[in-house]
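Chains as they are written, first to last, in the working numbering: chain A, 1 to 546; chain B, 547 to 711.
Think of the CB as a built atom: it goes at the ideal place given N, C-alpha and C, for glycine as much as any other residue.
Quick notes on the structure that follows.
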């Protein structure tokens, strides 16, 4: 495809969509799929055919619409209405002239002027819930692959990196390393071949942002990777995706096939001398493979064990070659940055944390689902305005960053969500899992839950992590059984420091974080569980009675 | 192949061997593709038996220790056959907070420990890492289908239905 043909196809698809009376977009992300989205889509399709409306009304699947707790979600394009808990029985109403005329369906209309929608800013998720992830033309209609065309035809690789630097984009995998710096490091290397890897081994429990992006807008990730390949001088990309994400894998395979057929990937992209191929690598269930050196080992067909760094992957990565590794969400930001310019992106968010962040809201919160917010928004706005608050309970803590993160208590609800502020209060941005706990959740139990996770996922290569997580888990379990003493608590703190300072990779280094942060903010819960604590209280009460 | 694994009829067995062979040749019998080959083998045979692992090691020219090391490192690979029914209970944070431990308790009490198959070969129970369907917590994947907001009662009913004592 040439650039002119790309623009022509965009025009044609936009005209085609405009000629329709209504496009019925049915959320077909994993959440809605398990609520029966497929049968809804089939029923609507059958209804359209039965009424002979194929020229006026169209049904399509889309990526995540966000409000997963109200699935199956359906959007009707003519007035932009969003309908919740849709079933196959609603097909006739959805296709009819006035969907809202059906009282039954009207009762399930979702107010799109609610804070859940208006407080969000969608860049990464711009097409999720709008475009059909299985149709290339849908992506092209939204301006897809024009960033790649622009980079190849108007910019040098250095200019692409400069644009990314201007945007201030930082790695969305959690650590927040400046993306442009990483790209520069790889671009500087003389050795070839070079590789681009997209880390889609999203393993934090309670995090499903990357899955939603891959399911909802796979072409966006491919385009971002191709631009990265051009910028750093790589011709081969890999997407390392979790084996559990079957739907994301299917959609990626479809997208890669479509892009290759239209020469948006492969040889001579846009007639330019640039070639770039993307292959999928399916993970086999190991959390540690989210660590970059372990991920590389896994792509090489080995046990996913991390190795000592340096050398870092930009110098010596996959098969010892220079390798760029970025997270799904990072790549998803690239195309809009190239299309709209780095300055546009830098104006969003805070000066040090630019752009938006996708969060997966879960736990004890009214609106569970997927949200994208500008950096710098406060946790309170996320939890109470967008999330709709804690149903039937009191907010106790927000857990960010999964097993590597920390718990944020109510007094820090006004903390702005950016890399530095979250680190300052002992948590991390993490990849975007945000789990809300109410006053019924025991923080010691939560800490034990994460420690158990790290214990099971430790790869066993270095001793502090392999043995330390077992010991810490043991102490936490004894605490919960009321068998631990004050000495155990001291040991727990000593072990936490030890793991942090001596483990080989990020898994072990961050494993104590949930313990450290809950000890910091909820120490009284630990104290109350100490053996003898109950007796002490009993004595106090007796003293008070006398 | 004489050391083929299960009691499937010969025609099916031949076909599976051919398909595994094709998967290996697609990767030019490269040792780097071990994980892809193991994925393909497990999909075809349901689990990875020792003879199957030995055969893969020979074909990919890898030491059997390396193949066993990789197969046991990743949770996804199973070295034992699965039961007739497969319950995977999500133990991600959201599901955990929403009551996954009670679901595991039901399955462990009536069937077998998590990670094992019941002695009668009827049910395999597994506690799995976050499946990313946190809006549906607590979630259970039952024979490949996601069940949303599962209660212990619902599980008990399903176990009654499939005849678990």
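Which listed residue (the options) has its alpha carbon closest to that of residue i
i, options, result
"residue 80 of chain A", "A/116, A/54, A/38 and A/22", "A/22"
"residue 691 of chain B", "B/636, B/648, B/703 and B/665", "B/636"
"residue 203 of chain A", "A/58, A/528, A/469 and A/431", "A/431"
"residue 396 of chain A", "A/314, A/384, A/409 and A/405", "A/409"
"residue 564 of chain A", "A/411, A/377, A/464 and A/338", "Outside the modelled stretch of chain A, which goes from 1 to 546, sits residue 564 of chain A, for which no answer is possible."
"residue 305 of chain A", "A/25, A/145, A/529 and A/459", "A/459"
"residue 14 of chain A", "A/95, A/140 and A/101", "A/140"
"residue 19 of chain A", "A/53, A/44 and A/134", "A/53"
"residue 361 of chain A", "A/224, A/178 and A/379", "A/379"
"residue 520 of chain A", "A/444, A/256 and A/474", "A/444"
"residue 177 of chain A", "A/383, A/389, A/500 and A/325", "A/325"
"residue 399 of chain A", "A/359, A/99, A/374 and A/388", "A/359"
"residue 340 of chain A", "A/144, A/48 and A/117", "A/144"
"residue 105 of chain A", "A/92, A/116 and A/113", "A/92"
"residue 334 of chain A", "A/528, A/199, A/216 and A/224", "A/224"
"residue 365 of chain A", "A/406, A/67, A/41 and A/3", "A/67"
"residue 631 of chain B", "B/656, B/671 and B/600", "B/671"
"residue 575 of chain A", "A/514, A/344 and A/218", "The shown model of chain A, from 1 to 546, leaves out residue 575 of chain A, and the question about it has no answer."
"residue 51 of chain A", "A/111, A/482, A/298 and A/96", "A/96"
Contact with chain A by residue i, beta-carbon distance below 8 angstroms
i, result
"residue 631 of chain B", "no"
"residue 705 of chain B", "no"
"residue 708 of chain B", "no"
"residue 602 of chain B", "no"
"residue 581 of chain B", "yes"
"residue 552 of chain B", "Confidence at residue 552 of chain B is low in this model, with a pLDDT of 47, below 50, so its placement is unreliable and no value can be given for it."
"residue 568 of chain B", "no"
"residue 640 of chain B", "yes"
"residue 626 of chain B", "no"
Between the CA atoms of residue j and residue i - distance to the nearest angstrom
i, j, result
"residue 552 of chain B", "residue 596 of chain B", "With a pLDDT of 47 at residue 552 of chain B, under the threshold of 50, the modelled position of that residue is not reliable, and the figure given next carries that caveat. If you take the alpha carbons of residue 552 of chain B and residue 596 of chain B, they lie about 12 angstroms apart."
"residue 416 of chain A", "residue 433 of chain A", "16 angstroms"
"residue 349 of chain A", "residue 355 of chain A", "5 angstroms"
"residue 155 of chain A", "residue 336 of chain A", "15 angstroms"
"residue 136 of chain A", "residue 287 of chain A", "32 angstroms"
"residue 666 of chain B", "residue 626 of chain B", "14 angstroms"
"residue 463 of chain A", "residue 495 of chain A", "12 angstroms"
"residue 652 of chain B", "residue 479 of chain A", "25 angstroms"
"residue 201 of chain A", "residue 243 of chain A", "9 angstroms"
"residue 709 of chain B", "residue 569 of chain B", "38 angstroms"
"residue 518 of chain A", "residue 429 of chain A", "17 angstroms"
"residue 435 of chain A", "residue 452 of chain A", "18 angstroms"
"residue 277 of chain A", "residue 146 of chain A", "18 angstroms"
"residue 461 of chain A", "residue 470 of chain A", "14 angstroms"
"residue 317 of chain A", "residue 309 of chain A", "10 angstroms"
"residue 101 of chain A", "residue 420 of chain A", "50 angstroms"
"residue 526 of chain A", "residue 382 of chain A", "28 angstroms"
Under 8 angstroms between C-beta atoms of residue i and residue j
i, j, result
"residue 32 of chain A", "residue 71 of chain A", "yes"
"residue 245 of chain A", "residue 220 of chain A", "no"
"residue 372 of chain A", "residue 11 of chain A", "no"
"residue 271 of chain A", "residue 240 of chain A", "no"
"residue 530 of chain A", "residue 467 of chain A", "no"
"residue 585 of chain B", "residue 285 of chain A", "no"
"residue 234 of chain A", "residue 194 of chain A", "yes"
"residue 577 of chain B", "residue 598 of chain B", "no"
"residue 623 of chain B", "residue 669 of chain B", "no"
"residue 58 of chain A", "residue 254 of chain A", "no"
"residue 88 of chain A", "residue 39 of chain A", "yes"
"residue 641 of chain B", "residue 694 of chain B", "no"
"residue 128 of chain A", "residue 367 of chain A", "no"
Below-8 angstroms beta-carbon distance, residue i vs any chain B residue
i, result
"residue 364 of chain A", "yes"
"residue 357 of chain A", "no"
"residue 303 of chain A", "yes"
"residue 529 of chain A", "no"
"residue 244 of chain A", "yes"
"residue 437 of chain A", "yes"
"residue 34 of chain A", "yes"
"residue 68 of chain A", "yes"
"residue 284 of chain A", "yes"
"residue 449 of chain A", "yes"
"residue 250 of chain A", "no"
message: In chain order, what are the residue ranges of uninterrupted alpha helix (DSSP H) at least 4 long that sit wholly in the stretch 155–206 of chain A?
response: 157–167 and 179–188
task: Tell me the start and end of each unbroken beta strand (DSSP E) in the stretch 215–303 of chain A that is at least 3 residues and wholly inside, in chain order.
output: 236–241 and 277–282
3 or more residues per run - each beta strand (DSSP E) lying fully within the stretch 58–125 of chain A: 74–76 and 81–83
- prompt: What are the start and end residues of each continuous alpha helix (DSSP H) run of 4 or more residues lying completely inside the stretch 325–405 of chain A, in chain order?
  reply: 328–340 and 342–346
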